[in-house]
Amino acid sequence: MKYRLPTGLNSVNKNASRLPERSRVHAPDPLVNHPTAVYQNLEEDLTFIHRPPPTVPAPESLTTSPASPLLSGPPMPAGGPVPPPIRKDREQRPLVSDEDILEIRRLRLADPFTWSRTRLAEKFNCTPGFIGRVAAAKPSARKQILAKRDEEHETVRSQWGENKTFVREARRKRKELW
């Protein structure tokens, strides 16, 4: 059996809270009746109220002295000792002479397989990138070098396990879908 309230009580405010309402807290204005505040009336019914800070400003304060001597370090004496370098400088390689460049080109043209960029760089004490700029291999020789490299990679890939081969194939197929 369902109980019913009398007709006058069945309209209940559903949004009402169960807690009694408190009145809002109004904080007092800190400038009104402040003992150190200075009031100055301006034209057009304006009032300027100045309240000094509660403490005396320090002499090294940034607001009172923005160019404080405490912020700037001691002046560096000219010609004085300098701090040590953070990292070592790269070892400067000697410049390759014109005769050496001609020799590099001759060796590279004669046998690009024996005289690779790395081997020539070690012999003439320069970088492989420099050898590539000075004496690049012919396109036909480059194709042979790349084919030889691909064969070596294939021999290594043939020794891979089943899982590694599967993962590499899946990655290759995903890249094709990009």
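With UniProt numbering, the residue at position 110 of the sequence shown is 110, and numbering never jumps.
Every residue gets a Cβ at the ideal spot worked out from N, C-alpha and C, and that includes glycine.
Quick caveat: nothing in here was measured; it's all calculated off a predicted structure.
With respect to the 8 Å criterion, C126 and R90 are not classified as neighbours on the basis of their beta carbons.
Below 8 Å, enough C-beta pairs join the region 133-145 and the region 99-109 to call them touching: three or more. Scanning its chain for C-beta atoms nearer than 7 Å, with the 5 sequence neighbours on each side dropped, one finds no residue around D111. In this structure W115 is buried. Its beta-carbon is surrounded by 16 or more other beta-carbon atoms within 10 angstroms. The alpha-carbon separation between K123 and N163 amounts to approximately 42 Å. Checking the DSSP bridge columns, you'll see V38 partnered with H50.
Here P83 carries a coil assignment [DSSP, helix/strand/coil]. The straight-line gap separating the alpha-carbon atoms of V96 and T155 is approximately 38 Å. The alpha-carbon separation between V38 and D29 amounts to approximately 15 Å.
In this structure, the CA atom of K173 is about 26 Å from the CA atom of K143. With fewer than 16 other Cβ atoms inside 10 Å of its own Cβ, R157 counts as exposed. Residue environment: R119 is assigned as exposed (fewer than 16 neighbouring CB atoms within 10 Å of its CB, all protein chains considered). In the DSSP assignment, V167 falls within the unbroken alpha helix (DSSP H) covering E162 to E176.
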